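Here's the structure, in C-alpha cells; my notes come after.
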Amino acid sequence: MSEAPVIGVLALQGDVREHLIALAAADAVARPVRRPGELAEVDGLVLPGGESTTISKLAVLFGVMEPLRARVRAGMPVYGTCAGMILLADKILDPRAGQETVGGIDMIVRRNAFGRQNESFEAAVDVKGVEGDPVEGVFIRAPWVESVGAGAEVLAEHDGHIVAVRQGNALATSFHPELTGDHRVHRLFTDMVRADRAAESL
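Structure (C-alpha cells):
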C-alpha cells in the first residue's frame, strides 16, 4: 500500500473534527488547515459544512482564499460538504452580500434549499462510485444544485434534486457523511487524492 495521502480540513468554522475522524478512518493523514503554509503541505482538502458566508470571509481574512483558488485551479483534489459544496460552486443562485466562492465545479447552487435548521432530515442516497448500500445522508440547512455544466457529473439525486457532483478532482455533496460513521464517501475522496498523487509521480 502506498504511503497515506495527507488531506487537510479547512478549519475556519464548521464540523472540522468530524471530517478529521472520517478521513483518518479512510486511511488518510488528516490535518486542520487555516493558513497558506498549512495548505501548501496537503495533497487534498475538505471544505466542511458550517456557514458558507462566514467561511468565505474568514478564508479571505486568514489569507487562504487566493492560494486555495489557485490550487483548486491547478487540480488539487477538493471535497466540499454542505457549505463546502456552496464554496465549490462557480455560481450561487442567491448569494449573501460579500459572499465569495472558491469555484471549481461548473454548477449553480441554491443555498438552504432544503429548508431551515429545524427542517433537517436524514435520507438514504445512492451515490455513484460508492459501492454497497445507499449512503445515509444528513441534510442540515442543505443546498441543492440547480444545474450543472457539461464538465460536471451528477453522482446523486434526492427528491428530484442534485445532491452530489464531481468535476475532475473536485467532489461535492449537499449532505454530511462525516456525521454518520459511514466513511465510504471519505474513502472515495481519499482514493481520488491517492490517484492524483500517483499521476503526479509518473
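Using this note's numbering, the first residue of the sequence shown is number 284, and each one after it goes up by one. Ideal Cβ positions, reconstructed from N, Cα and C, are used throughout, including at glycine. If you're wondering where the values come from, they're calculated on a predicted model, not measured in any experiment.
Residue burial classification, residue i (beta-carbon count within 10 angstroms, cutoff 16)
i, result
"R404", "Arg is not the amino acid found at residue 404; the sequence shown has Phe there. With fewer than 16 other Cβ atoms within 10 Å, it is exposed."
"A435", "buried"
"S339", "buried"
"Q450", "buried"
"D298", "buried"
"R470", "buried"
"E301", "buried"
"G320", "exposed"
"A353", "exposed"
"R399", "exposed"
"L344", "exposed"
"A407", "exposed"
Close beta carbons around residue i, own chain, < 7 angstroms, minus the five adjacent residues each side
i, result
"V468", "V410, V413, V418, T456, P460"
"R480", "P288, D326"
"R499", "This structure gives no information on residue 499, because the portion of the chain shown stretches from 284 to 485."
"S484", "none"
"Q296", "G333, E334, T337, I338, L341"
"G363", "L330, L370, L371, A455"
"A294", "P315, V316, R317"
"E286", "none"
Cross-strand partners of residue i (DSSP beta bridge)
i, result
"G327", "I290"
"V448", "V437, A455"
"A372", "I388"
"A313", "I290"
Residues near residue i by beta carbon distance below 6 angstroms, same chain, minus five either side
i, result
"M284", "Confidence at M284 is low in this model, with a pLDDT of 45, below 50, so the placement of that residue should be treated as unreliable; the coordinate-derived value is given next. Closer than 6 angstroms at Cβ, skipping near neighbours: no residue."
"G291", "R314, V316, V325, L328"
"L306", "I290, A313, H469"
"S397", "Reading off the sequence shown, one finds Phe at residue 397, where the question assumed Ser. These residues qualify, in order along the chain: F422, A425."
Residue from the options with nearest C-alpha to residue i
i, options, result
"K374", "V431, E349, A425, R424", "V431"
"F422", "A433, E429, V446", "V446"
"N401", "Q382, V448, R424", "R424"
"M390", "A366, V448, L303, P350", "V448"
"N452", "L322, P350, G358, I304", "G358"
Cβ of residue i within 8 angstroms of any chain B Cβ
i, result
"E461", "Absent from the structure: chain B. Only one protein chain is present."
Cβ-based neighbour list, residue i, same chain, cut-off 8 angstroms, excluding 5 preceding and 5 following
i, result
"M348", "S339, A342, E383, V385"
"A323", "P350"
Between the region 384–396 and the region 463–478, can you find at least three pairs of beta-carbon atoms closer than 8 angstroms? no
Check whether the region 410–418 touches the region 476–483, taking contact to mean three or more Cβ pairs, one atom from each stretch, closer than 8 angstroms. no
I'd like to know if the region 299–312 and the region 436–446 are in contact, where contact means that at least 3 CB-CB pairs between them fall below 8 angstroms. no
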